[in-house]
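Enquirer:
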Amino acid sequence: MSIANTKNCYICPICEYYGSFESVKPESGERKYAQCPKCGSLERHRLQYLVFKEITKDADIKTMSMLHFSPENFFRNIFKTMFKTYVTADLNSKNVDRREDLTKLLISDNAFDFIYASHVLEHIKDDMSALSEINRVLKKNGTAIISVPVIGKYTIEYDKPNPHEYDHVRCPGDDYYERYKFFFTKIRIYKSTDFDEKYQPYVYEDRSSWPDTMPSRPSVPGEKHIETVPVCFK
Ligand SMILES: [Zn+2]
Numbered sequence: 041m042s043i044a045n046t047k048n049c050y051i052c053p054i055c056e057y058y059g060s061f062e063s064v065k066p067e068s069g070e071r072k073y074a075q076c077p078k079c080g081s082l083e084r085h086r087l088q089y090l091v092f093k094e095i096t097k098d099a100d101i102k103t104m105s106m107l108h109f110s111p112e113n114f115f116r117n118i119f120k121t122m123f124k125t126y127v128t129a130d131l132n133s134k135n136v137d138r139r140e141d142l143t144k145l146l147i148s149d150n151a152f153d154f155i156y157a158s159h160v161l162e163h164i165k166d167d168m169s170a171l172s173e174i175n176r177v178l179k180k181n182g183t184a185i186i187s188v189p190v191i192g193k194y195t196i197e198y199d200k201p202n203p204h205e206y207d208h209v210r211c212p213g214d215d216y217y218e219r220y221k222f223f224f225t226k227i228r229i230y231k232s233t234d235f236d237e238k239y240q241p242y243v244y245e246d247r248s249s250w251p252d253t254m255p256s257r258p259s260v261p262g263e264k265h266i267e268t269v270p271v272c273f274k
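Count along the sequence shown from 1, then add 40; that gives the number in my numbering.
(1) Give me the residue from Phe109, Val177 and Gly213 with the minimum Cα distance to serine 148.
(2) Using the DSSP secondary-structure output, state which residues sit across from methionine 106 in a beta bridge.
(3) Can you name, in chain order, every residue of its own chain whose Cβ lies under 8 Å from the Cβ of leucine 146, other than the five neighbours on each side?
(4) Can you tell me where the alpha helix (DSSP H) with tyrosine 89 in it begins and where it stops?
(5) State the Cα-Cα distance for the pair methionine 41 and asparagine 48, rounded to the nearest angstrom.
(6) Is it buried or exposed, isoleucine 43, if we count other Cβ atoms within 10 angstroms and call 16 or more buried?
(7) Nearest-angstrom Cα distance between valine 160 and lysine 264?
(8) Which of helix, strand or coil does DSSP assign to histidine 163?
(9) Look at the Cβ atom of cysteine 79, then the Cβ atom of phenylalanine 114, and state whether they are nearer than 8 Å.
(10) Return yes when the Cβ of glutamate 62 is within less than 8 Å of the Cβ of proline 77, no when it is not.
(11) With DSSP as the reference, label valine 177 as helix, strand or coil.
(12) Give a yes or no on whether the C-beta atoms belonging to serine 172 and phenylalanine 109 are separated by under 8 Å.
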């Protein structure tokens, strides 16, 4: 165990804050060491950013374009200075460049080098159409990061959106990224274990029992869970 962890101090790779991270308390329960108090990033965002830096380290992204769906503000501020063209989109938010339904994008084929949509697909019943659309508007050799919250081994589809889980329509499992294979030529799954623990890319959460408002979530032992980032290549 590193010195950083014995003190519960970490480094945020997004804003370079060093110190203790804060718990968050969504309806599903407390997640320890989750949030950077400076930029607001969560575990998944820090892991995604580490992956993004890794996969773009030799790329000339100043010449490239990104479509960012449901943009997080701390990423928006970084990405808009990095890419030649940076476009934000969302179905409901007004604070974006384009109002778009991810299952039927009003965007031409082969338009973007990068597409970023974190924790979006678990809100979309017709996720296969969304994946098809992401693939369609990606350029050849383009890259998409399409993370979802994975809990348990198998994906569970809900009968209707759960308002206690931000209207999630399913609980994705380890098998969820199999769906991506219908659309992309190659998928690489990065994990928390691929990076230094000093960035706190794990989810510390009691998943052994969930509140009654989320009965379909599977029970998972342990308090420290691995987060995943699927990188998809067209
Ligand atoms: Zn931060």
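Beta carbons: idealized from backbone N, C-alpha and C, even for Gly.
Because the structure is a prediction, the values reported are computed rather than measured.
Expert: In this structure, then:
(1) Val177
(2) Tyr126 and Phe154
(3) Arg138 and Glu140
(4) 83-95
(5) In this prediction, methionine 41 has a pLDDT of 44, which is less than 50 and means its spatial position is unreliable; what the coordinates show is noted afterwards. Roughly 11 Å between the two C-alpha positions.
(6) With a pLDDT of 46 at isoleucine 43, under the threshold of 50, the predicted position of this residue should be treated as unreliable, and no value is reported.
(7) 23 Å
(8) helix
(9) yes
(10) yes
(11) helix
(12) no
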